[in-house]
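Trainee: Mind having a look at this structure? Questions to follow.
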Amino acid sequence: MRRAGNYILLTAIALVFVGPFLLLLSAGLKPSSQAVFSFPPDIIPRPPVLDWVKEAWTVIPYPRYLLNSVIYVAVMVPLYVLVSALCAYPLARTSFRGRNLIFMAILSTMFLPGEVMLIPRFLVVSQLGLADTFAGVILPGLLSAFGIFLLRQTFANVPREIVDAARTDGCHELRIFWHVMLPASRPTLAILAILGFVSVWNSFIWPLVVLKDSAKFPIALGIAYLSGVTGTDVRSLAAGTIISIVPVVVVFMLMQRHVLEGMRGAVKG
Amino acid sequence: MIVGRIPGQRWFTPYLFALPALALFGVFFVWPAVTAVQLSFLKYDVVSEPVFVGLDNFVRMASDPRFWTATGNSLLFLVGLFPLLVVLPLLLAILVNQKLPGIRTFRMLYYLPVVTSMVAVAIAWQYVFNQQGVLNWLLTGAGLLDQPIQYLLDPFWALPAVILVEGWKSMGFYMMIYLAGLQTIDSSLYEAARVDGASAWDRLRHITVPLMVPYIAVALTMEMLDAMQAFTSVYVMTRGGPQDATLTLGYYIWSAGFEHYEMGYASAVGLVLWVVMIGMALLNHRLTRGKA
């Protein structure tokens, strides 16, 4: 009995978190003959059709936006993980002058709200000639205090014996980093890659500020742009939004068991 | 001791490893931060030459009603998100920390809004908040409402609606933080308490909450940061309206800078927000330190 009650409660809460997405799905699958809004709500599409998904795919530039997002993810995620790992390695494993200063400086960026930096960072990026370029979107996103913090914790826990053994074999630092540290930290690297993927895929504010040319928009910005353009049908907008959600949900579902471990590591540190 | 000077290592090796991160830090954090401080003493509209105006931007803030509206709304965000992001996720975490078949699926469903973009979330919630949407249907059906409300266009309801969506979107993330904490608690504590006849409420109050203080502190700090910089949710749902009802400090900075081209004033507001946020983080650290 208790167990049944538990499942009823869990399901009711799940409905709260999934409900709005189901409404979105319903709108994207409704045929033209069925109203999107009605009182009482008419949620089940009769019959469900893929017309609007097709429309979203062909008529408006979703493929372009999706391709852009794929490019941003493919470039940014590996680089951001690599930059974090490179910086975290000496912070975790060697003592050198300025070590704490560097760590504190990078950690302090966590408390720097993006909104505060928006304007001055835009001016800096413009001065560098990177406004309205892919590089202008990508470069400022490569430094992650969270990534450095998390990897520093992980690297510090790699057993000393393995590193010493590698060193006795004559490995220099870069080899130890690449052939010992990175393989030993695979779960953390995976978490960072997922979190990076999610945040790059959903990025909105910074591309909004940097980009003028809508042909360079990532998917989330593209959808926001289209929702403001008159003549975009609600149904095709809903279908396009669903298309934008699917990749990130699939990646997350495949990798989700790593996330909890990652959070544990981050908070405990 | 893991950390130590490595024999034979050249002195500059650690700096070489840190170089890419340090370069990015210099160009995209230090340089903009210095620029922000400079800008806050200037009048600069991007087109004409910047003019030094001393403390004018800060003086103007004090008598700017929109700045105070934005401050008030940001504080309402802070208060409104507290139950949604600090309290409720702890209860959710306790619920999904049970050993039940399929519990992982429920965790994932609660986490779903976290991995979707705010833009997609805003579009999905249109179907809830619309005049002919689900919320009006439920409330009128239950007899709680005579007339359907246009939530996002109503000066009274727009802010609570945006706060609700913001909380709904992030709740799963906070739940995961708490869940990570709950899994470090030794279950024998609960068994001992049960033997002593402690009720569920007693166990929550005397075991769970005290042991979760470090996690509550993390959640509270993050909630403050989230609330004070609320921007994307406002941008995609209400654009600060109606009648500035959802104008937050984050949105006001963006609007002053990129809609009105008042870069100096926007930077000054940004600096004030930054100082307030650091102050809040320190205050929270002091309040929760020693209790952990």
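Here the protein sequences come in this chain order: A and B. For what it's worth, the working numbering labels the leading residue of the first sequence as 865, then goes sequentially. For what it's worth, the working numbering labels the leading residue of the second sequence as 0, then goes sequentially. Ideal Cβ placement from N, Cα and C applies to all residues, glycine included.
(1) Could I get the ranges of all uninterrupted alpha helix (DSSP H) runs contained in the region 84-169 of chain B, with 4 residues as the minimum, in chain order?
(2) On the DSSP letters alone, give me the boundaries of the alpha helix (DSSP H) that Leu231 of chain B sits inside.
(3) So, at 8 angstroms on beta carbons, what are the nonlocal neighbours of Leu178 of chain B in its own chain, with the 5 sequence-adjacent residues on each side left out?
(4) Give the straight-line distance between the Cα atoms of Asp44 of chain B and Ala899 of chain A, rounded to the nearest whole angstrom.
(5) Run through the region 166-249 of chain B for me and flag every whole alpha helix (DSSP H) of 4 or more residues, listed as ranges in chain order.
(6) Helix, strand or coil, according to DSSP, for Leu41 of chain B in the structure here?
(7) Let me check understanding here. Comparing Cα to Cα, which of B:Arg204, B:Val217, B:Val161, B:Glu222 lies closest to Asp243 of chain B?
(8) Assign Val52 of chain B to one of three DSSP states: helix, strand, or coil.
(9) Hey, could you find the ends of the alpha helix (DSSP H) Gly1086 of chain A is sitting in?
(10) Look at the alpha carbon of Lys168 of chain B and the alpha carbon of Val114 of chain B, and state the distance between them as a whole number of angstroms.
(11) When the cut-off is 7 angstroms and only beta carbons count, does Met236 of chain B lie next to chain A?
(12) Determine the contact status of Val1113 of chain A and Trp1065 of chain A, defining contact as a CB-CB distance below 7 angstroms.
(13) Could you check if Gln146 of chain B is buried or exposed, using at least 16 other CB atoms within 10 Å of its CB as the buried criterion?
(14) Starting from the beta carbon of Asn129 of chain B, find every residue of chain A whose beta carbon is closer than 7 angstroms, and list them in chain order.
(15) For Tyr189 of chain B, which residues of its own chain have a beta-carbon under 7 angstroms away from its beta-carbon, when the five flanking residues on both sides are left out?
(16) With a cut-off of 8 angstroms on the beta carbons, I'd call Pro241 of chain B and Leu152 of chain B a contact; round off their distance for me.
(17) Contact defined as beta carbons within less than 8 angstroms: I believe Val1122 of chain A pairs with Pro1051 of chain A. What is the distance between those atoms, to the nearest angstrom?
(18) Mind checking which residues open and close the alpha helix (DSSP H) that includes Gln898 of chain A?
(19) Kindly confirm or deny that the region 908-927 of chain A and the region 124-140 of chain B touch, where touching means at least three C-beta pairs closer than 8 angstroms.
(20) Would you give the residue range spanned by the alpha helix (DSSP H) that Val941 of chain A belongs to?
(21) Could you tell me the distance, in whole angstroms, from the CA atom of Val947 of chain A to the CA atom of Leu874 of chain A?
(22) Would Ile1087 of chain A and Val118 of chain B be called neighbours here (beta carbons separated by less than 7 angstroms)?
(23) So for Val913 of chain A, helix, strand or coil by DSSP?
(24) Specify the secondary structure class of Leu1006 of chain A as computed by DSSP and reduced to three states.
(25) Measuring only the C-alpha atoms, how far is Leu80 of chain B from Ala226 of chain B?
(26) Between Val36 of chain B and Glu222 of chain B, is the Cβ-Cβ spacing less than 7 angstroms?
(27) Just to confirm the assignment, what range does the alpha helix (DSSP H) spanning Tyr14 of chain B have?
(28) If I'm right that Phe1061 of chain A touches Ala952 of chain A with Cβ under 8 angstroms, what's the distance once you round it to whole angstroms?
(29) From which residue to which residue does the alpha helix (DSSP H) around Pro904 of chain A run?
(30) Along the region 974-986 of chain A, what residues have a CB closer than 9 angstroms to any CB found in chain B?
(31) Tell whether a beta-carbon distance below 7 angstroms holds between Ala1009 of chain A and Leu1053 of chain A.
(32) Measure the C-alpha to C-alpha separation of Ser1108 of chain A and Met236 of chain B and round it to an integer number of angstroms.
(33) Where does the unbroken alpha helix (DSSP H) through His1036 of chain A begin, and where does it stop?
(34) Could you give the residue range of the alpha helix (DSSP H) that holds Val284 of chain B?
(35) Counting C-beta neighbours from all protein chains within 10 Å, is the total for Phe967 of chain A 16 or more, i.e. buried, or is it exposed?
(36) Can you check which of these residues, B:Phe28, B:Tyr126, B:Val133, B:Leu54, is closest to Phe986 of chain A by C-alpha distance?
Mentor: Taking the coordinates as given:
(1) You should have 87-95, 102-114, 117-128, 133-140.
(2) Looking at the sequence itself, residue 231 of chain B is Thr, so the reference to Leu does not match. Residues 231-236.
(3) So the qualifying residues of the chain are Ala92, Val95, Asn96, Arg106.
(4) Asp44 of chain B and Ala899 of chain A: Cα-Cα distance of roughly 47 angstroms.
(5) Counting only runs that start and end inside the region 166-249 of chain B, the alpha helix (DSSP H) elements of at least 4 residues fall at 186-194, 199-202, 212-227, 231-236.
(6) Looking at Leu41 of chain B - three-state DSSP - the assignment turns out to be strand.
(7) Out of B:Arg204, B:Val217, B:Val161, B:Glu222, B:Val161 has the C-alpha closest to the C-alpha of Asp243 of chain B.
(8) In this structure, Val52 of chain B counts as coil in the three-state DSSP scheme.
(9) Gly1086 of chain A -> alpha helix (DSSP H) spans 1083-1092.
(10) Straight-line Cα distance between these residues: approximately 9 angstroms.
(11) At a cut-off of 7 angstroms, the C-beta of Met236 of chain B has no neighbouring C-beta in chain A.
(12) For the pair Val1113 of chain A and Trp1065 of chain A, the CB atoms are not nearer than the 7 angstroms cut-off.
(13) So Gln146 of chain B ends up on the exposed side.
(14) Correct list: Phe901.
(15) Only Arg202, Ile206 meet the Cβ criterion.
(16) Correct: roughly 6 angstroms between the Cβ atoms.
(17) Here residue 1122 of chain A turns out to be His, not Val, going by the sequence shown. Their Cβ separation, rounded to whole angstroms, is 6 angstroms, which keeps His1122 of chain A and Pro1051 of chain A in contact under 8 angstroms.
(18) Careful: Gln898 of chain A lies outside any alpha helix (DSSP H) and carries neither H nor E.
(19) Fewer than three pairs of CB atoms, one per stretch, sit closer than 8 angstroms, so the region 908-927 of chain A makes no contact with the region 124-140 of chain B.
(20) Element bounds for Val941 of chain A: 926-957.
(21) Spanning the two alpha carbons is a distance of roughly 40 angstroms.
(22) Yes, Cβ-Cβ distance for Ile1087 of chain A and Val118 of chain B is below 7 angstroms.
(23) Three-state DSSP puts Val913 of chain A in coil, outside helix and strand.
(24) In this structure, Leu1006 of chain A counts as coil in the three-state DSSP scheme.
(25) Their backbone Cα atoms lie some 7 angstroms apart in a straight line.
(26) Contact flag unset, no.
(27) Where Tyr14 of chain B is concerned, the enclosing alpha helix (DSSP H) stretches over 12-24.
(28) Not quite, the Cβ-Cβ distance comes to about 19 angstroms (not below 8 angstroms), so this is no contact.
(29) For Pro904 of chain A, there is no enclosing alpha helix (DSSP H), as DSSP marks it with neither H nor E.
(30) Of all residues in the region 974-986 of chain A, only Met974, Phe975, Leu976, Pro977, Gly978, Glu979, Val980, Met981, Leu982, Ile983, Pro984, Arg985, Phe986 place a beta-carbon less than 9 angstroms from a beta-carbon of chain B.
(31) Not closer than 7 angstroms, so no.
(32) Within the model, the alpha-carbon separation for Ser1108 of chain A versus Met236 of chain B is close to 18 angstroms.
(33) Element bounds for His1036 of chain A: n/a, residue is neither H nor E.
(34) The question names Val, yet the displayed sequence has His at residue 284 of chain B. Where His284 of chain B is concerned, the enclosing alpha helix (DSSP H) stretches over 262-287.
(35) Residue environment for Phe967 of chain A: buried (at least 16 other C-beta atoms within 10 angstroms of its C-beta).
(36) Per the Cα distances, B:Phe28.
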